[in-house]
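In the numbering used here, the protein residues as written are 750 to 972.
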C-alpha cells in the first residue's frame with residue numbers, strides 16, 4: 750500500500766472511530782439492547798446501499814472500521830452522557846469507498862420516540878467536543894486535525910446536527926487537505942449518522958452528495 754493510500758485509510762479509520770465515539774454519544778450507547786427482527790430490518794433499510802450510487806461511479810462496498818461500533822476504550826468519550834432509560838431494538842451500518850472518498854452510515858432504532866428525544870437532549874451538548882478529542886487522539890503522526898466546526902446543513906430531519914473536520918495528511922512530502930463531514934440526525938424512533946471523507950478540493954460536491962443521501966435516508970427512517 751502506498752503512503753498516500755495508507756494515510757487515507759488511517760484517516761478513514763480515525764474519523765469512523767470518532768463518529769461512533771463522538772456521534773455515538775448519541776445513538777449507540779443505550780444501556781439495554783433488545784433486538785427485534787422487525788426493527789433490525791427497518792435499521793438495515795435505513796442505511797446507505799450500493800444501489801444508491803450511480804452505476805459505474807466507482808463506489809464499492811467495504812467493511813467499516815471496528816465493524817461500525819466503537820470499542821469500550823473509545824466509547825469513554827460518550828460516557829459523559831447518561832444512557833439510563835434507553836433501549837436499542839435495531840442497529841445497522843454500511844460503508845462504501847471510491848478512490849479518495851469514503852462514506853459510512855449508521856441507523857439505530859430505540860424502543861420509543863421519547864427515548865430518541867431524551868437521548869438527543871442529553872447528548873448533543875457533548876458531540877462537538879467528543880468529535881474533536883476523538884479525531885485528534887486517533888490520528889497518526891502523518892495526519893493532523895486543523896479544525897472541526899458545526900456545518901450549516903438543510904434540516905432533512907426534525908433533529909439534526911452537522912460537523913466538518915478539516916485534516917492535513919502528509920504523504921511523500923506532500924500535504925493533502927481532507928475534510929470529514931459527520932451528520933447526526935433523527936426521526937421518530939430512528940437515530941441516524943452519516944460520515945463522508947473526501948479531498949478538501951471536492952468539499953462542495955461532497956456536501957451536495959451528503960444532502961442527497963441524508964434526505965434519502967431520512968425518508969427511509971420509518972420506525
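Backbone N, C-alpha and C define an ideal beta-carbon position, used for all residues, glycine too.
This one's a predicted model, so the numbers in the text were calculated from it and none came from an experiment.
Helix, strand or coil at residue i according to DSSP, with G and I counted as helix
i	result
residue 852	strand
residue 812	coil
residue 890	coil
residue 860	coil
residue 780	coil
residue 914	strand
residue 964	helix
residue 898	strand
residue 797	coil
residue 874	helix
residue 803	coil
residue 833	coil
residue 883	helix
Closest residue to residue i among the options (Cα-Cα distance)
i	options	result
residue 912	837, 956, 793	956
residue 942	930, 924, 789	930
residue 842	895, 781, 961, 858	858
residue 879	953, 914, 782	914
residue 897	854, 890, 907, 876	876
residue 959	790, 939, 801	801
residue 970	906, 951, 923, 916	906
residue 937	924, 844, 866, 920	866
residue 964	797, 916, 781	797
residue 881	899, 890, 920, 870	899
residue 792	782, 840, 953, 780	840
residue 846	872, 805, 811	811
residue 924	870, 891, 790	891
residue 870	835, 922, 790	835
CA-to-CA distance, residue j to residue i, given in whole angstroms
i	j	result
residue 903	residue 833	31 angstroms
residue 851	residue 946	5 angstroms
residue 932	residue 786	26 angstroms
residue 909	residue 967	11 angstroms
residue 885	residue 893	7 angstroms
residue 814	residue 863	30 angstroms
residue 799	residue 837	26 angstroms
residue 972	residue 809	28 angstroms
residue 849	residue 916	14 angstroms
residue 948	residue 868	32 angstroms
residue 788	residue 781	15 angstroms
residue 856	residue 795	6 angstroms
residue 872	residue 783	21 angstroms
residue 874	residue 922	38 angstroms
Buried/exposed call for residue i, threshold 16 Cβ in 10 Å
i	result
residue 883	buried
residue 803	exposed
residue 888	buried
residue 940	buried
residue 860	buried
residue 854	buried
residue 807	exposed
residue 844	buried
Opposing strand residues paired with residue i [DSSP bridges]
i	result
residue 972	Paired residue(s): none; residue 972 is not in a bridge.
residue 919	924
residue 845	810, 852
residue 838	The partner list for residue 838 (beta bridge, DSSP) is empty, contrary to what the question assumes.
residue 948	927
residue 939	858, 936
residue 909	934
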